[in-house]
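Peer 1: Got a structure for you, questions after.
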Amino acid sequence: MMNVQLSLYTYLSAEFIGTATIYTTIRRVGTVLQLMHTLKYYYWVINPADSSGITPKGLDGPRPSQKEIISLRAFMLLFLKQLILKDRGVKEDELQSILNYLLTMHEDENIHDVLQLLVALMSEHPASMIPAFDQRNGIRYDYNISVINGL
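Using UniProt numbering, read the sequence shown as starting at 1 and increasing by one per residue.
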């Protein structure tokens with residue numbers, strides 16, 4: 001099962017976005033929201049139940065190893081990044097979804113890669129990211145994340 005998931009997210013992050021005919025049918029905001037939800041509830045590195053109060057899902061069967069989860073998350077976030085950067089940059093709801101994820105997860109292992117994504121998006125597409133980040137009071141989110149997680 002792990003190989004199927006890895007193949008899927010590798011394909012999505014490497015080839016899917018480049019296929020123009022398919023890309024035009026993607027509902028970006030919905031896809032970003034769904035991916036962030038999936039990371040939070042199914043592909044967490046450290047169980048968020050104790051610190052974050054999130055009730056994880058998918059515990060009724062075998063789970064990939066921590067190393068496999070980290071690999072899957074990397075491909076999922078790469079797909080997310082390419083999806084966001086494909087057009088005119090980030091939409092407010094997409095950024096809000098990322099910021100909400102960061103604010104609700106309190107385990108360092110569950111937020112490091114998402115924080116790296118946010119920094120990469122800001123550095124690679126400042127024209128859309130900086131104003132959107134500012135409009136969403138992103139600095140306040142970053143401060144709250146640092147206080148909550150002791151960063």
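The beta carbon of each residue, even a glycine, is placed where N, CA and C say it ideally should be.
1. So, using beta-carbon positions, are Gly89 and His37 closer together than 7 angstroms?
2. DSSP three-state label for Val29, please.
3. For Asp108 and Ala14, I'd like the C-alpha separation in whole angstroms.
4. List the endpoints of the continuous alpha helix (DSSP H) containing Asp87.
5. Nearest-angstrom Cα distance between Val147 and Thr21?
6. Suppose only complete runs of 3+ residues qualify. What are the beta strand (DSSP E) ranges in the UniProt domain "DUF4704" (2–140), listed by chain order?
7. Count the other CB atoms, across all protein chains shown, that sit within 10 Å of the CB of Asn110; report buried if there are 16 or more and exposed otherwise.
8. Distance, Cα to Cα, Leu103 vs Gln34?
9. Given a cut-off of 7 angstroms on the beta-carbon distance, is the pair Trp44 and Pro56 in contact?
10. For Leu118, which residues from the same chain have a beta carbon less than 7 angstroms from its beta carbon, with the 5 sequence-adjacent residues on both sides left out?
11. Applying the 10 Å Cβ sphere with the 16-neighbour rule, what's the burial state of Arg27?
12. Check whether the Cβ atoms of Pro48 and Met105 sit closer than 7 angstroms, and answer yes or no.
13. Assuming the contact rule is C-beta atoms closer than 8 angstroms, Tyr41 and Ile54 should be a hit. Round their C-beta distance to whole Å, please.
Peer 2: A quick look at the data gives this:
1. no
2. helix
3. 27 angstroms
4. Here Asp87 belongs to no alpha helix (DSSP H), and DSSP marks it neither H nor E.
5. For Val147, the pLDDT reaches just 48, beneath the cut-off of 50, and the residue's location in the model is therefore unreliable, although a value from the coordinates is still provided. Distance between the alpha carbons of Val147 and Thr21: 44 angstroms.
6. none
7. buried
8. 17 angstroms
9. yes
10. Ile98
11. exposed
12. yes
13. 7 angstroms
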